[in-house]
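Note sheet for the following structure.
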Amino acid sequence: MQNALDATLAERLATIALGHVEREYPNKPGHVLAGPGDARTPSALHPVFFGSYDWHSCVHGYWTLARLLRRFPSIAAAPAIRALFDRRITAEAVAGEVAYLAAPGARGFERPYGWGWLLALAAELARHGAPWAATLAPLAEAFAGRFRDFLPIATYPVRVGAHPNTAFGLLMAADFMAADLPLLRETAGRWYGLDRACPAWGEPSGDDFLSPTLVEAACMARLLPPAEFAPWFDAFLPDLAGREPATLFAPATVSDRTDGKIAHLDGLNLSRAWCWRRLAAALGPEDPRRAPMLDAAERHLAAGLPHVAGHYMGEHWLASFAVLALEG
């Protein structure tokens, strides 16, 4: 494995994230106005997650910092990360985030992408042995409750390559919602269990940052027992040993990184690398599919990793996807 996370790269990625999680503007709020009183600044609406251009990017910016702090507790950025968490993850601020969700217009707020990332952050903080996870717990439980309410009524999955993708939401929520694994597994089976011979048509589209095909497979690898995943995966992508579907093995071209939608494709390259690595890890060591899958992961990482900084349209979020890809 050529690309791996080390302390030097962790320091760089942490510095990028620290530079935007408290940067309030520019900002793209996902906010419903029920009246003139709802026209408030991002920090008034969201006392914790007001930076990083949008709420979900701020959440996974915090996740990035939490993961890097745990993996590399002695990097130079570590004191700044701890100070940030102490300053921002407070009971009062978390209560403000919970209160925001009570508004009638917030029922679908950040569903399911932000829901999954918030629960991934909560799961990561729980590994630290610090009080931050307990402080964030009311917000995490609120979003876990939203998953419990939503999944039984979600008749169909959403298979796009961006925020509404339901497989990504389940995958990111799974660690925190371990007690709800039967619900997550039943939902994934209902949505994806009969999928066969996926041709990956339409991948990539012009603003994908997820591969609908690969993130679905990664979701099933996470939620299904190995004995059930293996035959499902064999049927879902039957020609991987021959590097088919070919589109999944070719990194995306990014023509303009100042365009926020086109810049999504850098994230696609990184998230594909993440999925390829996760899926390869689910196979036996002698499986002939592993070599082309791991090669594809390296080529996608090489295409995406140099571009995690440079323009704010990518810089406010790409470090998180770099960490996912590097951690596999």
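Taken in order, the sequence shown gives residues 14 to 341; the numbers are from my numbering. Just so you know, even glycine gets a beta-carbon here, dropped at the ideal spot from N, CA and C. These figures come from a predicted structure and were not determined experimentally.
Excluding sequence positions up to five before and after Pro301, its CB lies within less than 7 angstroms of the CB of Ala254, all in the same chain and listed in chain order. By alpha-carbon distance to Glu105, the top candidate from Pro151, Asp208 and Ala322 is Pro151. For Phe242, the enclosing alpha helix (DSSP H) begins and ends at Pro239 to Phe249. The residue among Ala27, Pro264, Arg198 and Val111 with its C-alpha nearest the C-alpha of Ala57 is Val111. Secondary structure at Ile94: helix, using DSSP grouped into helix, strand and coil. With a threshold of 16 other beta carbon atoms within 10 Å, Glu123 meets it and is buried. For Trp145, the closest of Glu216, Asp221 and Ala96 by C-alpha to C-alpha distance is Ala96. Contact between Val228 and Cys288 is confirmed by a C-beta separation of about 6 angstroms, below the 8 angstroms threshold. Looking only at Leu81, Phe62 and Thr103, the smallest Cα-Cα distance to Leu18 is reached by Leu81. Going by DSSP, Ile29 is part of the alpha helix (DSSP H) stretching over Ala20 to Leu31.
Between the segment 234 to 245 and the segment 182 to 192 there are three or more C-beta pairs closer than 8 angstroms, enough to call the two in contact. Sixteen is the threshold: when 16 or more other Cβ atoms of the shown chains lie within 10 Å of the Cβ of Thr77, as they do, the residue is buried. Annotated three-state conformation of Phe156 is helix, per DSSP. Excluding its 5 nearest sequence neighbours in each direction, Asp221 has C-beta neighbours in its own chain below 7 angstroms: Gly174, Ala175, His277, Leu278 and Leu281, listed in chain order.
The three-state secondary structure of Thr271, taken from DSSP, is coil. Ranked by Cα distance from His44, the options Ala338, Ala89, Ala119 and Ile166 are led by Ala119. Between Thr28 and Ala90, the C-beta spacing is below 8 angstroms.
Membership of Tyr205 in the alpha helix (DSSP H) is indicated by the continuous run Leu194 to Tyr205. About 11 angstroms separates the CB atoms of Pro125 and Thr200; that is not less than 8 angstroms, and the two are not in contact. Using a Cβ distance threshold of 8 angstroms, Ala153 and Phe189 count as a contacting pair.
If you check the CB distance, His59 and Glu328 do not come in under 8 angstroms. Just so you know, the alpha carbons of Gly64 and Cys71 end up roughly 6 angstroms apart. Counted as a single uninterrupted DSSP element, the stretch harbouring Arg53 is not any alpha helix (DSSP H), since DSSP gives it neither H nor E.
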